Each structure stands twice: as C-alpha cells, then as structure tokens.
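Q: Our numbering numbers the first residue of the sequence shown as 1 and each following residue consecutively. Virtual Cβ for every residue (Gly too), placed ideally from N, Cα, C. On a predicted model such as this, the values are computed, not experimentally measured, just so you know.
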Amino acid sequence: MKAKLGMSPIAWWNDDLPELSDDVSLEECLRQSRGAGFTGMEQGRRFPSNPEEMLPILRAADVTLCGGWFSGTLVIEELAANKDRIAPMIELFKAVNAPCIVYGEVGRSIQGDRSKPLATKPRLSDDEMKAYARRVTEFGEWCAEQGMPLSYHHHMAAVVETEPELDAFMRSSGEGIPLLLDAGHLAFAGGDVLRAIDNHHARINHVHVKDIRKAVVDGLDRSRQSFLDAVALGAFTVPGDGSLDFGAIVQRFADYGYEGWFVVEAEQDPRKAPPQKMAEIGHAELMRVMTAAGYTVETEGFPKG
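This is the structure in structure tokens:
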C-alpha cells in the first residue's frame, strides 16, 4: 500500500487568527515542510491563484499541491452561487494536478467567530440535514463532472461537527460527495475516530492527521469559549505531540486498504510551536506508524520530467 504525506500551511499562517502566524514567505514555508520530509502542501492564502505562477514555485520547492479549502455555503445558498465561486478553483487545481478540493461548510458556522461559544454551534433538524446532504451530493457530483472531486470536511463549530451529525450526513448523502476524515476535529467533538473509519471508510478519499491536546480540550468551558479560543490555547498539534493514538488510526486505514494523502493540519501558535520543528515531529511519528502499518510512503515531490 502506498501513502503520501502532506502538510497544511495553517501551521505557518492562520487565516482566522492572524496573530498566530509566522512572518515567512510561501517559499520558506514550502522549504521547511519539504525539509522535514513532506512531499505535498495544501493551498493557503499566500499561494498564487493561477497555474502560471504556482507551478514554478511548486517545482522549485519539489512539492505538489495536495488539496485546499473551499468555503462552501450550501446550507444557506443555492448551488449556482457555489458553482460560480468554485469554478476558478477547479480550473487551477486541475492545472496543477491536485487530488481534490476540500469542501468546508461555513454557512451558519461559528468556527471563525471568536465571540460565539462552542456550545452555540448551529444544529440542523433531521429534515434540514437530509436536504443539505442531498444538495452537497449534487454539488460534489457536478464538481467531479468538471474534473475535480471534492472531499467533505466535518468541522468543529459547523453544521456537521459531531459523530452523530457525521453519520446522519453520510446516511443522507451519496457517493458523489467523498469524505475527508479529520481525526483531530472528530476527537475534539467527542467522537470515536476508529468507529468513524469503520463506518465510512468506503467514502474516505482524503485524511487529515490532526492531533489534539486532550487536557486543553477537556479544560474548555464550551459555554463561554469559542473554537478560535481553543485554537489559541493549543487544542491542536501534530501527531507525536498530542493525545491521539495514530498507530491505531493509521492501522485502521491500512486494514481497509486506504491509499492516498495523509495531511498534517495543525494550527497553533508558531511562537510556542515552531512550524519547522512541529513538521519534523509530525513526519517522524507518521513514518513510524506508517511503516508499522505496512505502508510505503512515497518520497517523490514535484513530478520529474
């Protein structure tokens, strides 16, 4: 079985909390992650938006684009508006041969609002969830027809946060919308990561290996503190520096024959957790557990020739 290891630039620059950002260039970010051993990087705000600029940067850094976040609003807006907004991203991702676009629902979400406590997250009724899941499926099918698959990202403080919400979304959605399984977000929401893999492995096409600091998560006052407060306090970190058993998690993916990207997405304060050091810790831990699970980790970055 083959696996690829990527990172998210959120360890270097945080879009929602600018104060949790290193003043480093895109080129330096890529150099540090590649130096730690990662061959892919998800898109971030300092990436150029056209392939003519992006491809030379990726080639020079010897990395590939392994995904990127799209702020979807299908819970509150129609397909047409989302199609218009994602169309340029689809063309860019096709041009640089990215594997997928990550669909993150921001409609009704409080994930970017520091004034809204975690306990006030939006909740959908059964009928609302069914209608939403059908709409996202239709959108995913349309994106795939354009040549770029989506990967649905369940997320803290959004309409699909908890394990029961994820299960309900998956029951009512179809194969046209694959799943991104994020270990850290599911664990933060009180879910069982291994059970979620058991239940939904057939639709998982992308994985975020985000770790949590359980003491920080357990110590939150969810009636008062927000998702961004939790991030600032250090709720998330890289594998090997947190509380989750990635040996068991990666083995479960291997048991089901998952092959593809495992992406470290770990937003935290770069002054307390220097990104290059965190990248090295995360890569070392992933290599340890990947090898134990029988994966061959691909080492090629930007395609040669």
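#1: In this structure, how does DSSP classify Asn199 when only helix, strand and coil are distinguished?
#2: So, at 7 Å on beta carbons, what are the nonlocal neighbours of Met41 in its own chain, with the 5 sequence-adjacent residues on each side left out?
#3: Please go through the stretch 16 to 79 and give each complete alpha helix (DSSP H) segment of 4 or more residues, from N-terminal end onward.
#4: Looking at the secondary structure, which residues open and close the alpha helix (DSSP H) in which Ala3 lies?
#5: Assign Arg213 to buried or exposed, taking buried as 16 or more other Cβ atoms, counted over all protein chains shown, within 10 Å of its Cβ.
#6: Out of Lys210, Arg134 and Pro164, point me to the one whose CA is closest to Glu78's CA.
#7: Note down the Cα distance separating Pro274 from Asp126, rounded to an integer number of angstroms.
#8: Out of Phe93, Ala81 and Trp13, state which residue places its alpha-carbon closest to the alpha-carbon of Glu52.
#9: Determine, using beta carbons only, whether Leu244 and Ala187 come nearer to each other than 9 Å.
#10: Can you name the start and end residues of the alpha helix (DSSP H) that Asp255 belongs to?
#11: Could you give the first and the last residue of the continuous beta strand (DSSP E) run that contains Gly104?
#12: By Cβ distance, which residues of its chain are closer than 7 Å to Asn82, with the 5 residues on each side in sequence left out?
#13: Inspect the CB distances between the stretch 220 to 238 and the stretch 246 to 253 and report whether three or more fall short of 8 Å.
#14: Less than 9 Å separating the beta-carbons of Met287 and Gly37?
#15: Kindly indicate which residue of Gly219, Ala235, Asn50 and Met170 has the alpha-carbon position closest to the one of Met156.
#16: So, for Pro96: in the same chain, excluding its five sequence neighbours on each side, which residues have a beta-carbon less than 8 Å away from its beta-carbon?
#17: Measure the CB-CB distance between Ala202 and Val193 and report whether it falls below 9 Å.
#18: Which residues in the same chain as Tyr295 place their Cβ atom closer than 6 Å to its Cβ, once the five residues preceding and following it in sequence are excluded?
#19: In whole angstroms, give me the CA-to-CA distance for Arg224 and Ile110.
#20: At the level of alpha carbons, what is the spacing between Leu15 and Arg45?
#21: Please state the DSSP three-state secondary structure of Thr237.
#22: Would a C-beta distance cut-off of 9 Å place Gly247 and Ala292 closer than the cut-off?
#23: Tell me which residues share the same chain as Ala144 and place their Cβ nearer than 7 Å to its Cβ, disregarding the 5 neighbours each side in the sequence.
A: According to the structure data:
#1: helix
#2: Gly6, Met7, Pro9, Leu30, Ser33, Val63, Leu65 and Cys66
#3: 26 to 36 and 51 to 61
#4: Unbroken run through Ala3 is the beta strand (DSSP E), Lys2 to Met7; no alpha helix (DSSP H).
#5: buried
#6: Arg134
#7: 43 Å
#8: Phe93
#9: yes
#10: Phe246 to Asp255
#11: Ile101 to Glu105
#12: Gly72, Thr73, Leu74 and Phe139
#13: no
#14: yes
#15: Ala235
#16: Reading off the sequence shown, one finds Val at residue 96, where the question assumed Pro. Cβ within range, chain order: Pro51, Met54, Leu55, Leu58, Thr64 and Leu65.
#17: no
#18: Met1 and Ala3
#19: 13 Å
#20: Per the sequence shown, residue 15 should be read as Asp rather than Leu. C-alpha separation (whole angstroms): 7 Å.
#21: strand
#22: yes
#23: Gly176
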